[in-house]
Amino acid sequence: MLDMLKFYARFEINDETGDPLTDHDMTQLHYAKIKSLQKAAFAKFPNLRLFALSNVANVDTRESLEKHFGALDCDSLREIACYLNLVPEKLEPPFEWHRADETFLRELLISRHERRVSQLESLNEMPLYPTEDIIWNENVVPTEFYSGEGCLALPKLNLQFLTLHDYLLRNFNLFRLESTYEIRQDIEDAVSRMLPWKSEEGDVVFGGWARMALPIQSFAVVEVSKPHIGEKKPSRVRADVSVTLNVRKEVQEEWENLRKHDVCFLVTVRPTQPIGTKYDYREHFVPQVGLVHVRGCEIEGMLDANGRVIEEGIEQRPQLTGEQRTFRVWLDSNQYRLDMDATLHATPGDDDDGREDVYEGFNIIMRRKPKENNFKAVLETIRHLMNTECVVPPWLHDILLGYGDPGAAHYSRMPDQARVLDFNDTFLDFEHVSNSFPGYEIVSAAERPPGLNLLPPFRLTFENVPKGDGADSEEEGAEQREELSKRILVEPYRIPCRGPYKYNEPKKNVIRFTPTQIEAIRAGMQPGLTLVVGPPGTGKTDVAVQIISNLYHNHPQQRTLIVTHSNQALNQLFEKIMALDIDERHLLRLGHGEESLETEKDYSRYGRVNYVLSKRIDLLGQVQRLQESLGVSGDVAYTCETAGHFYLYHVVARWEKFLSEFERDDEGQTGGSDDPAREQFEAQFPFARFFRDAPQPLFGGATYAENMDIARSCFRYVSHMFAELEEFRAFELLRSGLDRSKYLLVKEAKIIAMTCTHAALKRKELVTMGFKYDNILMEEAAQILEIETFIPLLLQNPMDGYNRLKRWIMIGDHHQLPPVIKNMAFQKYSNMEQSLFTRLVRLGVPTIDLDGQGRARSSICELYKWRYSRLGDLEHVHRWPEYCRANAGFAHEYQLINVEDFNGVGESEPNPYFYQNLAEAEYVVAVFMYMRLLGYPAEKISILTTYNGQKHLIRDVIESRCANNPMFGKPHKVTTVDKYQGQQNDYILLSLVRTKTIGHIRDVRRLVVAMSRARLGLYIFGRVALFKNCVELRPAFRLLMHRPLELQLHPEEKYGGGERQLQDGGSGAGEEGLSTRTVKDMTQMAQFVYQMYMQQVNVIREEMEKMKSLFEKQRQEQQQEKMEEQIKIADAEAEEAEKQRQVEAAAKKDFAPTPIRNEIADLGEPMDVAEKPRRGKKRVAAEEAVVPPPATQEGEKDGEEEKAEEKTEEEDPKADEPEVEEKEQAED
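Quick look at the structure:
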């Protein structure tokens, strides 16, 4: 506390004006004080002549001042103090006494004139990693329990701050301490699991294992680089850490996948407990495990077999053999210097810990979860901000510090407020405009026939806004605004057609925004600060998306930065943005959450680069097609540059020629009855062949003007094509993927989305590459830490000393959960859980409160709407059938179910703060099973709880009861209330867990989140006697207590089958024919669900038996039919064969053989020719040919054989040569 008092007593601020002072200003003030003291010493005290004539650097240290003033007596010291007006010469009323002893006067002079330590210098020399001296220091990092009584030596985040430096410094210290507390929890958990013991030989042995920690085999510092000029610390300190990965495969992969800049901790333990000693978590941790040292380090990479760091990239990592791995790490240079100084300056009388080298005894390396391990990068960002000049917009500076008029940054007070706003597709019709501005007179700027409604889009002129050359002062401006009428001039306009294709039509908004949503959209389009308070289900995301769309179309040269708390919220917002009329080449998503976007497109930096390159190839292909259609020679589609020349010299020239000729022809035309417009266009339009793939006819307009619009839209399409190529030209010149991605981020993208954590991590990189933006939109702003909200304001360098930021839109709900702060002292005492959004609301900055919810039934909304001033329902909540229909199987749409102890046990705590309740877990799962048996889809049911322990217990019960049963399956989600903020589902089952104390549901903001997640059904399980008396929860539980506290069911109903309507009392209409079953407790519900399940199983079994018998019967009938068909086929074949035999027999009967006659013998005497046998089958065939064939089939067969023989003889003429010789010999 005394150190904090000294710090703020000398804070760098002008006590009179309140202006911040730089180091140079503080140095000048210090010199002035020393000079005044030297003048006094020179004039009044000759014995201080040496002090008076010395230079300032020799006399402004405490040692030199004590040397010069130590010999002076009390009177001399008092005379100097009076001369400097530090003490009065004589007492005057109302002062009756002041201290004037020698010790006090000497300390007064020395402390006033000693050289002050620069805050920035001390900050830059501070190690960012916490050590054991800080981690377990209760004065610096208090324990989790904080009663709220007493004062702590901690900085606080209040409503106001002295300067931006003070603001950043407080956030820096608190963020560092909160991170230290989380690190302490992780170290205690990991080291306790490893069970370090002392062996009989005195060595350290580990009896357990931890997923997040490993024993170190060897540690060595491998590099200590020389300090930079003007610094004392080494410029870089590197070390090698060797470990053995004899763990499970998935754990080994986690260690091997440690990325560059991941933070780990090196721990030295020297346990005193023998092997087998059990640890007690209730006792102090450090003496039990013998923890000696803790130092932080940063991963550079894992070493390969050759000792080189494996670089991250697209190349596949080399596969390392064995289990030995070595990591190269960076150590904190400031901490290393302090440790080495302590080692070198230790005297022999010091204890052993003071003399030893800290870096020789590390035996544990611990890693942390990536999402919780970004503290060092955030601290470096804050420290870097404090070393640079923080330039925030002048209209925002005082509001951030908590001074001045809180409404000064409202758009109505801004000097550049826009008078005319183009709302694009915000309004659905003219009536929507009229209803959106109550209190304004709506006038149409265009004449319209009676009964004809104007069509959007609309451009609105607010006549109560002064024109640009307005008043000279705010008072005159206010008077001028009062004199102007509250009238809005509505001017419809037509968006020029972008081309002849269907996909050229712009996407349009379909949401009918409420008047408050329209006001939020209007404020977001105007310059200044806009705060939108959005209760659950009021369409915060839709408003944000419409603001982004309108800014994109109204200010095409401006860039908008989107920041959210979580990747999930950012993805939800980005998915809606993708559905708008925004060119996707202008969208960019930074960070590691783009993988979970529900789209096949990749919106990361390298994904967008690949998109641009593929789009460039497609466009050059179209240019090639256009060139061919125009009959132009040459390779004009080779690069974007050649395409640009082609556009300038060929495309534009033909279009201008077409316009000049066509307009001249049009002037020469007379108004005839037959208008040859289509023929003229088809003949003279130069790009008609290019658009042959468009819907035909291309020029289908009824008039000349319509066809001319079509021609202009076609040229607009062609021009847009070449404009895109011109933008892509830089990607041809830049060859590396890194340069292309930087260009995309800095120049090409117009809408950039990232989380607040990513902005804090990458701030230095973004500023270095010249990142620029004009507008910031923050979603979930009430969940973002104050410093993480402030950093995105400064992601760019100032231009000419000014910040170019024009709009800051913050959307959130401070009535829901704040940022997560684990340490109760930092949360309550230091007020660290206060977001910047909440602080601005508390300061009185004007807000726009959305007042129409469209998520939950009106009765469910009553459970939390009491927290909001004017929260109503949208029309569809009372009109849509799903809201009017009762929940099938339940007597009420929401109900509080009392759960008593099971076997005498209520809540349990197997580990510290790991609360569970088995009775509630079983009850919740039984109700889920009941809903599934009624036919409720599993994806429409979510199970929520208020503690992590209960979440894991419910998941275990579901795994054992439901997961592998296709009749049940798993619900959509089983998670905690805190994690489910921003999400919703149709039916919510909520477990409150606690039975002894209220727990953290006492925070009304957590209650609001828990009650507002359900759309159609909410069923809460808890100990009614405990929660009903809680003052903070009374409004909600008073409504819940009106319903029966025992679960009431209608088991006869089925999901989707009933039309029972919901009445105002909560019960369904038409219940006379339904039996209501009241469930007394969890055991009865479990038995009932089991009976119901068995009934359905028996029904299914009976149905299966019936289906089986039916199937068997059908199978037999099919076999019988098949057999009968086979018999019929066999009979038909037999009958056919019989007919064939009869035909053959008839043919054989009618056959008359022709005898062979010897015609030569008839003519003369017979000749004696010696018969010689011939080779082959031809002789046989000839001999057989003499005998009449016995049947037709055999004759056909022999004929085929003869033909085959003849074919063989024709193919091989040499086969007959021996026969010829034999024939000649016979004739001889």
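In full-length UniProt numbering, the protein residues as written are 1 to 1228. Where a beta carbon is used, it is the ideal one built from N, C-alpha and C, also for glycine.
Buried or exposed by the 16-neighbour rule on C-beta atoms within 10 Å, applied to residue i
i, result
"residue 655", "buried"
"residue 137", "exposed"
"residue 540", "buried"
"residue 521", "buried"
"residue 775", "buried"
"residue 1111", "exposed"
"residue 864", "buried"
"residue 47", "exposed"
"residue 376", "buried"
"residue 750", "buried"
"residue 805", "buried"
"residue 1100", "exposed"
"residue 1008", "buried"
"residue 562", "buried"
"residue 1166", "Low confidence applies here, because residue 1166 scores a pLDDT of 47, under 50, leaving its location unreliable; read the following figure in that light. Exposed, because fewer than 16 other Cβ atoms sit within 10 Å of the Cβ of residue 1166."
"residue 982", "buried"
"residue 484", "exposed"
"residue 653", "exposed"
Rounded Cβ spacing between residue i and residue j (contact assumed at less than 8 Å)
i, j, result
"residue 295", "residue 266", "5 Å"
"residue 817", "residue 1005", "5 Å"
"residue 23", "residue 118", "6 Å"
"residue 810", "residue 531", "5 Å"
"residue 929", "residue 962", "6 Å"
"residue 894", "residue 1018", "4 Å"
"residue 300", "residue 309", "6 Å"
"residue 494", "residue 461", "Not confirmed; about 18 Å, so no contact."
"residue 191", "residue 199", "In fact, because the Cβ distance is near 17 Å, the residues do not count as touching under 8 Å."
Proximity winner among the options, relative to residue i (alpha-carbon distances)
i, options, result
"residue 248", "576, 790, 214 and 857", "214"
"residue 726", "644, 679, 877 and 1041", "644"
"residue 188", "895, 229 and 135", "135"
"residue 765", "751, 746 and 780", "746"
"residue 1030", "209, 995 and 1046", "995"
"residue 1024", "1084, 920, 1052 and 1088", "920"
"residue 815", "795, 901, 837 and 801", "837"
"residue 812", "980, 565 and 1027", "565"
"residue 657", "642, 226 and 686", "686"
"residue 639", "926, 220, 558 and 621", "621"
"residue 458", "1115, 695 and 423", "423"
Sheet register partners of residue i (DSSP bridge)
i, result
"residue 364", "215 and 267"
"residue 528", "807"
"residue 296", "265"
"residue 751", "560 and 587"
"residue 976", "945"
"residue 987", "941 and 1017"
"residue 238", "223 and 330"
Beta-carbon proximity list for residue i, same chain, < 7 Å, skipping 5 on both sides
i, result
"residue 100", "78 and 87"
"residue 855", "536, 537, 984 and 1015"
"residue 833", "818, 819, 821 and 827"
"residue 403", "160"
Same chain only: Cβ atoms within 8 Å of residue i, ignoring 5 sequence neighbours per side
i, result
"residue 6", "none"
"residue 1085", "923, 926, 927, 930, 1047 and 1079"
Cβ neighbours of residue i in the same chain (closer than 6 Å, five flanking residues each side left out)
i, result
"residue 367", "212 and 264"
"residue 1040", "896"
"residue 11", "none"
"residue 207", "195 and 197"
"residue 740", "609, 731 and 734"
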